[in-house]
Structure formats: structure tokens, C-alpha cells
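A.B. asks: Before we start, here is the structure in question, set down as C-alpha cells.
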Amino acid sequence: MILLETEALTRAYGGVVAVSKVDFQVEAGLITGLIGPNGAGKTTLFNNMTGLDVPSSGKVFFNNKDITGFPAHKICRMGIARTFQNIRLFKELSVVENVMIGRHFKTGKDATHGRFLNALKSYVYLKQEEQEIYEAADNWLDFFDMSQFKNELAKNLPYGRQRELEIARALATDPKLLFLDEPAAGMNPQETDHLMATIRKIRDLGITVVLIEHDMKLVMNICDTITVLNYGMKLAQGTPREIKHNPSVIEAYLGKEEE
Amino acid sequence: MFNFFLLILIYSGIYALMAIGQNVITGYGGMLSLCQAGFFAIGSYATAILATQFGWSFWATLPVAALLSAVFGLLIGLPTLRLKGDYLAIATLGFGEIVRNVLNNWDSLTNGPMGIQKIPMPDLFGFTINPYRKYAFLVMIIIFVIIAYYLFQRLARSRMGRALTAVREDEIAAQSMGINITKYKVYAFVLGAAVAGIAGSLQAVFSLSVTPGTYTFMVSVMVLCMVVLGGMGNFKAAILGAFIIQLISYFPQLTGLSSVIPPQFKQILFGLILVVMMIWRPQGLLGREEHTYGKKHAQKRGSK
Ligand SMILES: Nc1ncnc2c1ncn2[C@@H]1O[C@H](COP(=O)(O)OP(=O)(O)OP(=O)(O)O)[C@@H](O)[C@H]1O
Ligand SMILES: [Mg+2]
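Pasting the structure below:
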């Protein structure tokens, strides 16, 4: 089953066509890799699927519903969560508060479409609501084995932990689909191995994962299917084995390394 | 002298309400707004006009003052939300000045520069809260500050406070976590304006007259100073800041030196406070309030 797909998605910034007529499919339940040389348009494609950017043309479908141009918060509430290439944590908030923000729209007024009485109720039963939010967040911290950091400020975490915290925060929104933009960037080989195991664990929870990654070992190891972008265009799509032996992919990568 | 100290306390309370509002907008929401004086003025004039021309009691004017200020908070909040930092500051500063100019020139409603006099004193169960007998008035102000503190503190510790903080920290991440950032920014403006409107209402029944000259840009700067001095994102600090700034600004009169120290010293001092705090202690005297979670939880685990 196709969970998400784009139809001829194009995003141009003035003269620069960052993404050009890309048809991208995400199969439910799989781990999909999105690779390509620097500047190929991977992050731009993510941004256009998650509401942070609006396509110049083309469409995005999630569960067969056209979500093109939806605002980011709506898309998140529909079940699409993401992390960022250049970590975007709430730095001055504690680790657990970061994850609690992921639970934001799960309770209170936002959970019940803005009924005043519910807003009042969640205000009156503040402690109870906070406890619910806290416990859900704490469970995700346990999942990442970071409960001991819960009251640290996010900015004081080691780099690898910050990347994990960002994933925990995204998972707290109970997504069906999780986008990870270079989750292994800046990690050492050990941390990367650990991350691979974590991503598999996330998949086993029934969450579909799409990841951008330059670490080919990670990509080839854990992805069920891979899409390659080059100069904003879709170059290839297939299993890791197919991609590894695809001549145009090899050329795109080798061509880059020659420079 | 002691009476004078009571006066300072009363003004501290009135300004503390405004500072609490500023803290929602700037301390939590991260938006540099400079128009608390505008909301303050709207609250004052709402009470003054309703009480003198329509014979409303103070208590009936109070919610109207809050609501009217809140509506203006919404009106200023919506269009300026796209603006950031300096641009937002300039736009809100302009709004504050527009309010003052309208009050100055709408003679038929506001009596222009002369202002409105003879505002009736508030009554409570047959007891008149007479501002000349300062104790009763001070008690009333303190109750207002406590209630506002309690309500806003609760708000800050709820998902709404957290959402607003997230918006301040990183708008892009916040919206990607399902937070409607526009909504929360407008909320902050509306709430910050409403509580400033209440402060204005109290100001009207304290001085028993209102004139446009009271609601200058300096008032907004003073309120911002209070929040910066006390510590952004901390309601206790906003109240403390209000008290310290009031104490400083009445320092010449308090020490009997008002003939020696020119009144402009205030402006210089506030500028100096802002600069010194930015360099020496940008988080303010008390700093941002941090919340720790799961102590109970940790204890349980420890006892196992
Ligand atoms: N907001 C923007 N304005 C103008 N140009 C942009 C913008 N965002 C991206 N681009 C351009 O679009 C192209 C694709 O960028 P993008 O960040 O999507 O690449 P990427 O595949 O994620 O690369 P990397 O692997 O380096 O992260 C680049 O040429 C980039 O300069
Ligand atoms: Mg990128």
C-alpha cells in the first residue's frame, strides 16, 4: 500500500530548480532511503512533503488525500513527523519538555477541535493532563534510554543524543510516517550502529520510515527500497542491490568524487 | 514618607500586571512588543468613559476594559505576526502612539488633552475603596496581582505555556510538532493586552482621572525594563522587576533629592539598566523559570 506519494513535484527558487517533476512513493511499513549528492534536492523534497515549503507545481498525497500546500502543523497532526538536517531542538527547554511538546495536540483543546469547554476542562484538570503528557514523553525517553537526562537542557546533550532526542520528539506525535533528514550525520560508527538498530525498532512499531542519508553503509543495510535524486530529478528507484549496481547512480556518485 | 512608599507599592502592583502581560508576549512568546502603554490606555479610558458617561460601576467596567484591550491585542497581533524583532517593535510602538494620539484628539469621547476627571471610586459591598486612604486600595491591587500571577503561572505550566515557549525557541520545529504557531502568537498578544487593560482600569480608579499624557511610550519602555531586569519567562521576576523599577523611578522623591536630580534621569537610568543587564546578566535577576519533571517518579524508582 502506498502511504505517501508525490506527483511531478517541482520546487523552483527563482532560476534554481531544486526539485524537478519528482514522483516519489513511500510504501507503508517499509524503510525508504532517499539519497543523492549534495544539493540534489533531498531536503527540499522533505520540506515540500511536510508543509514547510510549498511546491511550485505538482501534488503530494498522503493516504490518497491531497495534502499539497497544507500548513506544517496540520500535516503533523495527520500523522507525518520529521527531524531536521541541522538539528532543531528547543534548546532552552529540558529534554523531557522537548518530547512533551510532541504531545501538544494530543490533549486539551487541540485534541477536540477547539471546544471552549474542553479548553476550560484541561485548565481545571491541569495536573492530570500534565501527568498524561509527561508519562507519554517519559516512555519515549525510555525507548531511547535517555531518562537519566530528562531534566537537562536540550542544548547540553552530546551531539548524538541530540539527534536521538529529535527523533523521540517526532515519535511523541504518534506518527504513521517518520521523515529523518540525515539522522547519522556527525555520529561515530558505534553511534551509527546503534541508530540503525533504533530505526529498525521504530519500523517494528508499525511506523513507516523515510530517511535521507549520506552514510551508504547505513542506507544499504537498513533500507528496503531506495530512491536516488540528482540535480533535482529522480535518477533511480529500487532495492539496495539494484541501486548499488545501477550504472547511472554509480556515475552520479563517481562523477561527483572526481571533482 | 510612609504614605509615599504605599504609593510606590500601588504603582508597583499596577505595573506588575502590565509586566505580567509583557512577560507572556516577550518572555514566553519571544516577541518584542512595545505597546503595553496602548493597552493600558485603552483599559483606563474604557473604565473612565463607562463610569463617568454611563454611570457603570467599576466592577462592571473591568471586564469591558480587559475585553476591549484584548480585542485590540488581536487587531495588532494578527497583522504584525509576520514581523520579527526590530520590525515588530517598531510596528507595536506605532500602535501605542496611535492610541495616544486618538485619545488626544477624539474630543467628543475622550475630552482630548484635558482628559476625564471625577471618575467614581470603586465600591465593594457598600465599602468605598478610596485611593486617598491607600491601605484598602493597596490590598485590592495586591489581590489583583496575586490572582493574575496564579492564573498566568498555571498557564505557563500548561501545554499552552510550553507551546508558546516552543514557538519562541524555534518556529519551524514548533509547527512541525503540530503547533499552530499563528494561534499561539495571537493568544500571547491577546492575554498580554487583556491584563494590561485591567491594569489600566485600576489606574483609572486610582488616579480618579485620566489624561493622554499618562500613556506615553516611556510607560511601554518601563514595562519592558521590568521584565528584562527581573528575568524573561518568569512571572515572579516580572513582579520583582516592577517593584524595583518603581522604586528607582521614585528614588528622587523618596530621598528628598527631587530638586537635585532632574526628572530626565529616569530615561537615562532605564536605558542604562537595559544595557547593563544585556551585558552582565542577560537572563535577568531571577532568570527564566525552569520546570523539573518526574521527581516523584524518580523517588519511586530509587526506593525499589
Ligand atoms: N530556500 C532556498 N532558496 C534558494 N535556494 C534553495 C533554497 N533551499 C534549497 N535551495 C537550493 O536547492 C538545491 C537543493 O538543496 P537541498 O537542500 O534540497 O539539497 P540536499 O539534497 O538536501 O543536499 P545536502 O545533501 O547537502 O543536504 C540547492 O542548490 C540549494 O542551494
Ligand atoms: Mg539536505
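Chains as they are written, first to last, in the numbering used here: chain A, 8 to 266; chain B, 7 to 310. We put the CB at the ideal spot given by N, CA and C, even for glycine. Just so we're clear, the structure is a prediction, and the values are computed from it rather than from any experiment.
1) Taking DSSP's pairing of strands, which residues face Q32 of chain A in a bridge?
2) At 7 Å on the CB atoms, spell out the chain A contacts of I178 of chain B, in chain order.
3) Cα separation between C83 of chain A and I250 of chain B?
4) Nearest-angstrom Cα distance between I219 of chain A and L80 of chain B?
5) Does the beta carbon of A79 of chain A sit closer than 7 Å to a beta carbon anywhere in chain B?
6) Hey, is the stretch 228-240 of chain A in contact with the stretch 27-44 of chain A, meaning 3+ C-beta pairs nearer than 8 Å?
7) Does the separation of the CB atoms of A25 of chain B and G247 of chain B fall below 7 Å?
8) When every heavy atom of ligand 1 is checked, does at least one fall within less than 6 Å of the C-beta of K241 of chain A?
9) Which runs of the alpha helix (DSSP H), 4 residues or longer, sit entirely within the stretch 47-87 of chain A?
10) Quick one: which residues of the stretch 185-202 of chain B get their C-beta closer than 8 Å to a C-beta of chain A? List them in chain order.
11) Can you confirm whether E264 of chain A, when its beta carbon is compared against all beta carbons of chain B, has any partner nearer than 7 Å?
12) If I'm right that R176 of chain A touches N105 of chain A with Cβ under 8 Å, what's the distance once you round it to whole angstroms?
13) Would you say the beta carbon of V23 of chain A comes nearer than 6 Å to a heavy atom of ligand 1?
14) Is the stretch 13-23 of chain B close to the stretch 172-180 of chain B, with three or more CB pairs under 8 Å?
15) Name, please, each residue of chain A whose Cβ falls closer than 7 Å to the Cβ of L93 of chain B.
16) Does any C-beta atom of chain A lie closer than 7 Å to the C-beta of A162 of chain B?
17) In chain A, which residues lie less than 8 Å from A169 of chain B when you measure between Cβ atoms?
18) State the Cα-Cα distance for the pair Y21 of chain B and V225 of chain B, rounded to the nearest angstrom.
19) I'd like to know whether the C-beta atoms of P190 of chain A and L202 of chain A end up nearer to each other than 7 Å.
20) Mind checking the stretch 273-295 of chain B against chain A and listing, in chain order, the residues whose C-beta falls within less than 9 Å of any C-beta there?
21) Take L23 of chain B and list the residues in its own chain whose beta-carbon comes closer than 8 Å to its own, dropping the five residues that flank it on each side.
22) Assuming V233 of chain B contacts G102 of chain B (C-beta within less than 8 Å), just tell me the rounded distance between them.
23) Leaving out five residues on either side along the sequence, give the residues of the same chain with a beta carbon under 7 Å from the beta carbon of K272 of chain B.
24) Does ligand 1 have a heavy atom nearer than 6 Å to the CB of T234 of chain A?
25) Any beta-carbon of chain D closer than 7 Å to the one on A172 of chain B?
26) Identify the contact partners of K98 of chain A in chain B, using a Cβ-Cβ distance below 7 Å as the criterion.
27) Does the distance between the C-beta of K49 of chain A and the nearest non-hydrogen atom of ligand 2 fall short of 6 Å?
28) If I follow the unbroken beta strand (DSSP E) through V30 of chain B, where does it start and stop?
29) Compute the Euclidean distance between the alpha carbons of A35 of chain A and V226 of chain A, then round it to the nearest angstrom.
30) Within its chain, find whatever has a CB closer than 6 Å to the CB of N253 of chain A; leave out the 5 residues flanking it on each side and keep chain order.
31) Going by the CB atoms, is the gap between N29 of chain B and A172 of chain B shorter than 7 Å?
32) Strictly under 7 Å for the Cβ-Cβ distance: is V103 of chain A near chain B by that measure?
33) Rounded to the nearest angstrom, what separates L115 of chain B and G236 of chain B at their Cα positions?
34) Report yes or no: is there a C-beta of chain B within less than 7 Å of the C-beta of T7 of chain A?
35) Leaving out five residues before and five after P62 of chain A in sequence, what residues of the same chain have Cβ atoms less than 7 Å from its Cβ?
36) Along the alpha helix (DSSP H) that carries V227 of chain B, what are the first and last residues, could you check?
C.D. replies: Answer, in terms of the structure:
1) Beta-bridge partners assigned by DSSP to Q32 of chain A: A:E12.
2) Near I178 of chain B (Cβ distances below 7 Å), the residues of chain A are L59, R95.
3) Roughly 44 Å between the two C-alpha positions.
4) About 41 Å.
5) Cβ-Cβ to chain B under 7 Å: yes for A79 of chain A.
6) Yes, since at least three Cβ pairs between the stretch 228-240 of chain A and the stretch 27-44 of chain A fall closer than 8 Å, the two stretches touch.
7) Going by C-beta atoms, A25 of chain B is nearer than 7 Å to G247 of chain B.
8) False, no ligand heavy atom lies under 6 Å from that Cβ.
9) Along the length of the stretch 47-87 of chain A, whole alpha helix (DSSP H) runs at least 4 residues long occupy 49-56, 79-85, reported in chain order.
10) For the stretch 185-202 of chain B, residues whose beta-carbon sits nearer than 8 Å to a beta-carbon of chain A comprise I185, N186, I187.
11) Confidence at E264 of chain A is low in this model, with a pLDDT of 47, below 50, so its placement is unreliable and no value can be given for it.
12) The pair is a contact, with the Cβ atoms about 5 Å apart (cut-off 8 Å).
13) Ligand 1 approaches V23 of chain A closely enough that one of its heavy atoms is under 6 Å from the residue's Cβ.
14) No: fewer than three Cβ pairs fall under 8 Å.
15) A small fix is needed here, since residue 93 of chain B is Tyr in this sequence, not Leu. The premise fails here: Y93 of chain B is roughly 22 Å from chain A at the closest Cβ pair, so nothing lies under 7 Å.
16) Using beta-carbon distances, A162 of chain B does not count as an interface residue toward chain A, since no partner is under 7 Å.
17) Within 8 Å Cβ-Cβ: I108, H111.
18) Cα atoms of Y21 of chain B and V225 of chain B: separation of roughly 9 Å, rounded to the nearest angstrom.
19) In this structure, L202 of chain A lies closer than 7 Å to P190 of chain A by Cβ.
20) Hits within the stretch, in order: R294.
21) Leaving aside the five residues that flank L23 of chain B on each side, the residues in its chain whose CB is nearer than 8 Å to its CB run, in chain order, F150, V151, A154, V201, A202, I204, A205, L208.
22) Taking C-beta atoms under 8 Å as the contact rule, V233 of chain B and G102 of chain B fail to qualify, at a distance of about 16 Å.
23) Correct list, in chain order: S255.
24) Every heavy atom of ligand 1 is 6 Å or more from the Cβ of T234 of chain A, so no.
25) No chain D is present in this structure, whose protein chains are A and B.
26) Those within 7 Å of K98 of chain A in chain B are E175.
27) Yes, since a heavy atom of ligand 2 falls inside the 6 Å radius drawn around the Cβ of K49 of chain A.
28) V30 of chain B -> no beta strand (DSSP E), and no H or E assigned at all.
29) Each residue's Cα considered, the two are about 18 Å apart.
30) Listed in chain order, the non-local C-beta contacts of N253 of chain A below 6 Å within the same chain comprise A243, local neighbours out to five positions each way being set aside.
31) The Cβ atoms of A172 of chain B and N29 of chain B do not sit closer than 7 Å to each other.
32) Output row for V103 of chain A: interface = yes.
33) Near 38 Å, if we compare the C-alpha coordinates of G236 of chain B and L115 of chain B.
34) Chain A is shown from 8 up to 266; residue 7 of chain A falls before or after that span and cannot be answered.
35) L16, T17, R18, N55, T75.
36) Note, V227 of chain B: alpha helix (DSSP H), 223-236.
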